[in-house]
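Engineer: Chains as they are written, first to last, in my numbering: chain B, 1 to 134; chain S, 1001 to 1134. Backbone N, C-alpha and C fix where the C-beta goes; we use that ideal spot for every residue, glycine too. The structure displayed is predicted, hence computed values, not measured ones. Questions regarding the structure given below will be posed in turn.
2 protein chains.
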Amino acid sequence: MTDDRTMTIREMCDAFDVTPRTLRFYEAKELLFPIREGQKRLFTKRDRARLKLILRGKRFGFSLEEIRQLLDLYHMGDQQQTQLARTYEIAQQRLSDMEAQRDELTQAIDELKEQMRWGEKMLASMDQTKKAAE
Amino acid sequence: MTDDRTMTIREMCDAFDVTPRTLRFYEAKELLFPIREGQKRLFTKRDRARLKLILRGKRFGFSLEEIRQLLDLYHMGDQQQTQLARTYEIAQQRLSDMEAQRDELTQAIDELKEQMRWGEKMLASMDQTKKAAE
DNA sequence: CGTATGAGTTACGTCAACGTAAATTCCCAT
DNA sequence: ATGGGAATTTACGTTGACGTAACTCATACG
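Structure below.
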């Protein structure tokens, strides 16, 4: 039993730096499943784990729908055996996409660095010009 | 002189697999500057180079506005000395963002791979179960 | 008991990056 | 001359991921 206490929407917002609107939106899209104590939402440890993954997924440019797929894979404790193979394929595809993207990104970084060495030289020569003008 | 012949919008679309709408949109957003022969647009080698960079930028999840900034850096032959330093900063920021993203991506790939080994085991055990059932 | 505070619902607004449809306009071959 | 194919302009439509009112409901507090 680590820390299974539930959190209010405000605590979640503060903890993850998101708005209430966002959390309700994610619930509507079935990315989160806070329990309903009467009127209020209570976010469990599971919701926190999922939100963490959602936010990371977003930083990689995944759509919420894609993230939902991955979350289903992550949190598939059992059953859905039929779906599993299919989801597994999706994950494989996603994985190779990600690797390709990483490689392109690496290349782009190198190119951009190269381009910036350019800028350095220009700035340096500008500096010279400026000094000469004084 | 390599290949400086201009291209029509259709040739561009075929060459880069984009729609005319996209090219006109990019022109409106000042990402491309085809010359206007009367009514028609004629795309130069410069436009082709820029479009190539635009499409690559998009694959990295940059917005068109961000791409426009980077293109300005790329194609800044001279002048705009004042702006250069600022744009240089933007590029630096962008670069560190990209590196951070690459690192996160690398980590996520590893985690996803790990998760998938999970799936493999599940599939394997399911296979056993299936065989046993025959 | 009144009210201020926080959560909730409903529903319209927004921004990016185009898609799509309608109405010209231009060029050319029959 | 004319009909057919491109290309153009204008402008409204679309999708994703929320933002932003407007209004209601519940409750803790002085």
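1. Between Tyr26 of chain B and the rest of its own chain, which residues show a CB-CB distance below 6 Å, the 5 nearest in sequence each way excluded?
2. So for Lys1052 of chain S, helix, strand or coil by DSSP?
3. Along chain B, in chain order, which residues have C-beta atoms closer than 7 Å to that of Gly1061 of chain S?
4. From Thr82 of chain B to Ala28 of chain B, what distance separates their C-alpha atoms?
5. Considering only residues of the same chain and omitting the five flanking positions on each side of Arg1036 of chain S, which have a CB-CB separation below 8 Å?
6. Can you check DSSP and say which residues form a bridge with Arg41 of chain B?
7. Return the first residue and the last residue of the alpha helix (DSSP H) that Thr1143 of chain S is part of.
8. Given a threshold of 16 other Cβ atoms within 10 Å of its Cβ, counted over all protein chains shown, does Asp3 of chain B qualify as buried or as exposed?
9. Whose Cβ in chain B lies nearer than 7 Å to the Cβ of Glu1065 of chain S?
10. Under the rule that 16 or more other beta-carbon atoms within 10 Å means buried, what is Arg144 of chain B, buried or exposed?
11. I need the DSSP call for Asp127 of chain B, collapsed to helix, strand or coil.
12. Between Arg56 of chain B and Glu1099 of chain S, how many whole angstroms is the CB-CB distance? I'm expecting something under 8 Å.
13. Alpha carbon to alpha carbon, how far is Pro1020 of chain S from Pro1034 of chain S?
14. First and last residue of the alpha helix (DSSP H) that includes Arg1010 of chain S?
15. Measure the alpha-carbon distance for Asp1014 of chain S versus Thr1044 of chain S and round it to whole angstroms.
16. Does Arg1102 of chain S have its Cβ less than 8 Å from a Cβ in chain B?
17. Going by C-alpha distance, which of S:Thr1106, S:Arg1059, S:Thr1008, S:Gln1107 is nearest Gln1039 of chain S?
18. Can you confirm whether Gln1080 of chain S, when its beta carbon is compared against all beta carbons of chain B, has any partner nearer than 8 Å?
19. Taking CB distances under 8 Å as the criterion, tell me whether Gly1077 of chain S reaches chain B.
20. If you reduce the DSSP assignment to three classes, tell me which class Ser63 of chain B lands in.
21. Looking at the C-beta of Phe16 of chain B, does it have a partner C-beta in chain S at a distance below 8 Å?
22. DSSP three-state call for Lys1106 of chain S: helix, strand or coil?
23. For Arg1046 of chain S, which of S:Thr1106, S:Ser1096, S:Asp1110, S:Thr1006 has the nearest alpha-carbon?
24. Pick helix, strand or coil for Ser1096 of chain S, following the three-state DSSP scheme.
Structural biologist: Straight from the coordinates:
1. Excluding residues within five positions, the ones whose Cβ falls inside 6 Å are Leu32.
2. Lys1052 of chain S falls in the helix class under three-state DSSP.
3. Within chain B, the residues Gly61 have their CB atoms less than 7 Å from the CB of Gly1061 of chain S, given in chain order.
4. Bear in mind that a pLDDT of 46 at Thr82 of chain B, under 50, signals an unreliable position, so the number given afterwards is only what the model happens to contain. Taking the straight line joining both Cα atoms gives about 26 Å.
5. Excluding positions up to five away in sequence, the list reads Leu1042.
6. Answer is B:Arg36, bridged to Arg41 of chain B.
7. Nothing can be reported for residue 1143 of chain S, as the shown portion of chain S is limited to 1001 through 1134.
8. Asp3 of chain B should be labelled exposed.
9. Ordered by position in chain B, no residue passes the 7 Å Cβ test against Glu1065 of chain S, which lies about 16 Å from the chain.
10. Absent from the structure is residue 144 of chain B, since the part of chain B shown begins at 1 and ends at 134.
11. Because Asp127 of chain B sits at a pLDDT of 48, beneath the cut-off of 50, its placement in the model cannot be relied upon, and the point is left open.
12. Not quite, the Cβ-Cβ distance comes to about 16 Å (not below 8 Å), so this is no contact.
13. Pro1020 of chain S and Pro1034 of chain S: Cα-Cα distance of roughly 13 Å.
14. Looking at the DSSP string, the run of the alpha helix (DSSP H) that includes Arg1010 of chain S is 1009–1016.
15. Whole-angstrom Cα-Cα distance: 15 Å.
16. Flagged as an interface residue toward chain B: Arg1102 of chain S, by a C-beta distance shorter than 8 Å.
17. The shortest CA-to-CA distance from Gln1039 of chain S to any of S:Thr1106, S:Arg1059, S:Thr1008, S:Gln1107 is the one to S:Thr1008.
18. Here the model assigns Gln1080 of chain S a pLDDT of 46, short of 50, so the residue's position is not dependable, and the following value carries that caveat. Not one beta carbon of chain B lies nearer than 8 Å to the beta carbon of Gln1080 of chain S.
19. With a pLDDT of 47 at Gly1077 of chain S, under the threshold of 50, the predicted position of this residue should be treated as unreliable, though the coordinate-derived value follows. With 8 Å as the cut-off, Gly1077 of chain S does not count as an interface residue toward chain B.
20. Here Ser63 of chain B sits in coil by DSSP.
21. Output row for Phe16 of chain B: interface = no.
22. The question names Lys, yet the displayed sequence has Thr at residue 1106 of chain S. Looking at Thr1106 of chain S - three-state DSSP - the assignment turns out to be helix.
23. Put simply, of S:Thr1106, S:Ser1096, S:Asp1110, S:Thr1006 the residue whose alpha carbon is nearest the alpha carbon of Arg1046 of chain S is S:Thr1006.
24. The three-state secondary structure of Ser1096 of chain S, taken from DSSP, is helix.
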